[in-house]
Amino acid sequence: MRWKSTALALTFVAALAGCNDTLDSFDPASVSNKVEHPLPSKILAEMKAKGMDRNSPIAIRILKEEGVLEIWKAKTNGRFDKIKEYEICAWSGRLGPKIKEGDRQAPEGFYPLSPHHLNPNSKYYLAINTGFPNRYDQSNGRNGTNLMIHGACSSSGCYSMTDAQILEIYAFARDAFKGGQQTIQLQAFPFRMTAENMARHRHSQHYPFWEMLKVGYDNFEVTKRPPEVAICDKKYVFNQQVADGKSISASAACPPMSTPPALQAALASYNSAYSKDYAKALKKFDGKIWYDPTEAERKALVANQRKGHDLAYAPTGSALKAGKLLKIEDAANQSRPVASATAAIERLAVQQTSTPQAPASAVAPAPTPAAQATAPQPSVAAAPATAASSPAGRTAAVPVPQPNPLAAPAPVQAAETKKKPFWKIWQSQ
Numbered sequence: 005m006r007w008k009s010t011a012l013a014l015t016f017v018a019a020l021a022g023c024n025d026t027l028d029s030f031d032p033a034s035v036s037n038k039v040e041h042p043l044p045s046k047i048l049a050e051m052k053a054k055g056m057d058r059n060s061p062i063a064i065r066i067l068k069e070e071g072v073l074e075i076w077k078a079k080t081n082g083r084f085d086k087i088k089e090y091e092i093c094a095w096s097g098r099l100g101p102k103i104k105e106g107d108r109q110a111p112e113g114f115y116p117l118s119p120h121h122l123n124p125n126s127k128y129y130l131a132i133n134t135g136f137p138n139r140y141d142q143s144n145g146r147n148g149t150n151l152m153i154h155g156a157c158s159s160s161g162c163y164s165m166t167d168a169q170i171l172e173i174y175a176f177a178r179d180a181f182k183g184g185q186q187t188i189q190l191q192a193f194p195f196r197m198t199a200e201n202m203a204r205h206r207h208s209q210h211y212p213f214w215e216m217l218k219v220g221y222d223n224f225e226v227t228k229r230p231p232e233v234a235i236c237d238k239k240y241v242f243n244q245q246v247a248d249g250k251s252i253s254a255s256a257a258c259p260p261m262s263t264p265p266a267l268q269a270a271l272a273s274y275n276s277a278y279s280k281d282y283a284k285a286l287k288k289f290d291g292k293i294w295y296d297p298t299e300a301e302r303k304a305l306v307a308n309q310r311k312g313h314d315l316a317y318a319p320t321g322s323a324l325k326a327g328k329l330l331k332i333e334d335a336a337n338q339s340r341p342v343a344s345a346t347a348a349i350e351r352l353a354v355q356q357t358s359t360p361q362a363p364a365s366a367v368a369p370a371p372t373p374a375a376q377a378t379a380p381q382p383s384v385a386a387a388p389a390t391a392a393s394s395p396a397g398r399t400a401a402v403p404v405p406q407p408n409p410l411a412a413p414a415p416v417q418a419a420e421t422k423k424k425p426f427w428k429i430w431q432s433q
């Protein structure tokens with residue numbers, strides 16, 4: 005079997021562009037029919053206790069830094085609740101979105117999955133294509149292929165699970181499609197977008213992009229329904245009502261849009277609490293910057309897990325455990341500065357001239373509550389920051405959810421990093 009292990013290892017090293025189905029580490033004899041294998045009786049019992057039908061819609065949420073994949077499922081009242089959480093075995097690259105083929109980055113964003121994204125014949129045991137690139141990625145010139153959620157615990161731009169885990173994840177998706185769900189929403193985030201995490205990562209070059217994703221994150225937190233996603237002006241927009249006769253195009257300017265008043269009201273309390281928490285977090289992380297670890301540094305923490313496994317088995321470890329807080333002056337003086345500090349000093353200079361009570365807006369300042377009451381809802385192009393990210397209480401795009409949980413959400417996307425400062429030389433390291 006040594007020749008087989010060596011061949012698999014070489015294939016893994018060569019698969020830089022994406023996860024090309026080449027690995028098979030699970031004994032197929034343990035499951036007679038992996039495609040139709042039922043969910044465990046324990047999970048079915050939990051569904052019943054939570055008021056969920058077996059074939060009700062699901063949503064998939066990925067949190068990179070925490071290394072978690074969550075399955076959320078619709079209850080009989082139309083709201084979603086978390087039914088299962090899995091520890092991601094491997095994801096490659098660092099925090100931040102996938103930009104181009106071969107960068108080893110795992111996608112971040114909102115991706116609509118249809119039945120054709122399920123791959124029952126994957127050599128990674130089972131696989132679900134993430135749908136990258138979506139319309140947002142395409143409008144922003146991002147590219148890449150074969151980005152999946154799959155088994156085998158080895159990744160080159162994918163989110164890799166154990167074979168036992170992907171067996172269940174696949175079954176969740178299969179049952180939801182059988183129940184009539186046309187589109188499953190995959191939400192891939194860099195981390196839980198709490199006030200403390202946003203403050204901890206505020207110096208990242210990806211922060212403006214993450215602020216955009218957080219609008220959708222907030223919508224889901226408030227409504228417990230996958231947000232309706234659209235793309236205009238090369239940006240994500242969430243739960244927006246478009247004026248009659250107007251169309252949305254990924255590359256065209258956003259048409260006049262509005263947020264349902266009930267949803268704005270629901271977000272007001274959420275945003276108020278967030279702003280207070282963010283102000284506290286800024287004090288906690290004052291003068292500090294988060295070091296985003298490399299994939300190699302994460303792997304070093306789990307080297308022992310590979311013992312007794314095939315060479316292709318490659319867990320990547322926790323970004324939280326491998327990362328660390330540094331003093332900004334120490335990070336700036338290091339001979340090998342951290343990647344997450346790419347735009348730290350430039351962003352810090354801007355922040356020092358503005359109020360430190362909320363995340364820096366990527367574009368325009370938030371309107372005052374009085375202005376919100378009289379002014380039309382701004383487009384995402386003018387207000388990419390989340391409602392929660394503004395102490396003035398800017399409301400995010402969060403319309404009242406539709407009563408039909410089977411409705412297919414439309415994809416959406418946002419703009420990302422602008423110019424790269426002189427720290428860009430760090431990225432190559």
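In the numbering used here, the protein residues as written are 5 to 433.
Note that CB positions come from ideal geometry on N, CA and C, so glycine has one too.
Alpha carbon of residue i to alpha carbon of residue j, nearest angstrom
i      : j      : result
Thr198 : Ala304 : 28 angstroms
Gly100 : Gln191 : 14 angstroms
Leu73  : Ala234 : 23 angstroms
Ala49  : Leu43  : 10 angstroms
Met261 : Ala247 : 6 angstroms
Arg398 : Asn275 : Interpretation of Arg398 is limited by its pLDDT of 35, a score under 50 that renders its predicted location unreliable; no figure is taken from the coordinates.
Arg206 : Pro194 : 13 angstroms
Phe242 : Pro231 : 6 angstroms
Gln477 : Gly249 : This structure does not reach residue 477, given that the chain is present from 5 up to 433, and the question cannot be answered.
Ile92  : Ala156 : 11 angstroms
Asn223 : Gln244 : 11 angstroms
Leu151 : Ala277 : 36 angstroms
Lys280 : Tyr221 : 18 angstroms
Asn133 : Arg108 : 16 angstroms
Gly113 : Gly71  : 16 angstroms
Tyr115 : Thr166 : 22 angstroms
Asn337 : Arg65  : 37 angstroms
Ile47  : Lys77  : 12 angstroms
Gly135 : Val39  : 20 angstroms
According to DSSP, residues forming a beta bridge with residue i
i      : result
Arg65  : Glu74 and Gln191
Ala234 : Val241
Met261 : Val246
Trp95  : Tyr163
Ala131 : Asn123 and His154
Lys88  : Ile75
Phe114 : Gln191
Lys292 : Lys331
Close-in-space but distant-in-sequence residues of the same chain around residue i (CB under 6 angstroms, 5 per side omitted)
i      : result
Asp28  : Caution applies to Asp28, whose pLDDT of 44 falls short of 50 and renders its modelled position unreliable; the model cannot decide the point.
Thr359 : In this prediction, Thr359 has a pLDDT of 37, which is less than 50 and means its spatial position is unreliable; what the coordinates show is noted afterwards. Once the five neighbours on either side are set aside, Thr359 has no close Cβ partner at all.
Arg146 : Ile103 and Pro137
Ala257 : Asp237
Phe176 : Ile62 and Ile75
Ala318 : Ala94 and Ser158
Asn123 : Ala131
Classification of residue i by the beta-carbon crowding that lies within 10 angstroms, buried from 16 upward
i      : result
Leu12  : Any answer about Leu12 is weak, because its pLDDT of 45 lies below 50 and its placement is not dependable; what the coordinates show is given next. Buried: at least 16 other Cβ atoms inside 10 Å.
Asn201 : buried
Leu117 : buried
Asp314 : buried
Glu69  : buried
Glu172 : buried
Asn37  : exposed
Ala53  : exposed
Asp334 : exposed
Ser339 : Reliability fails at Ser339, whose pLDDT of 43 lies under 50, so the model's placement of it is uncertain and the value that follows must be treated cautiously. It is exposed - the Cβ of Ser339 has fewer than 16 other Cβ atoms within 10 Å.
Thr320 : buried
Gly312 : exposed
Glu330 : Going by the sequence as given, residue 330 is Leu instead of Glu. By the 10 Å Cβ count, Leu330 comes out buried.
Leu324 : exposed
Asn125 : exposed
Ser143 : buried
Close beta carbons around residue i, own chain, < 8 angstroms, minus the five adjacent residues each side
i      : result
Val226 : Leu267, Ala270, Leu271, Tyr274 and Val402
Ala203 : Tyr282, Ala285, Leu286, Lys288, Phe289 and Pro363
Val35  : His41 and Leu171
CB contact below 8 angstroms: residue i versus chain D
i      : result
Gln268 : Here there is only one protein chain, and chain D is not present.
Is the number of C-beta pairs between the region 155 to 170 and the region 214 to 225 that are closer than 8 angstroms three or more?
No, they do not touch.
Pairing CB atoms from the region 49 to 64 with CB atoms from the region 179 to 188, are three or more of them under 8 angstroms?
A contact exists between the region 49 to 64 and the region 179 to 188.
Cβ contact check for the region 295 to 303 and the region 94 to 112: 3 or more pairs under 8 angstroms
Short answer: they touch.
For the structure I just gave you, are there three or more beta carbon pairs, one from the region 196 to 213 and one from the region 80 to 88, closer than 8 angstroms?
no
Mind the definition here: the region 250 to 257 touches the region 221 to 238 only if three or more C-beta pairs lie below 8 angstroms; say whether that holds.
Segments in contact, yes.
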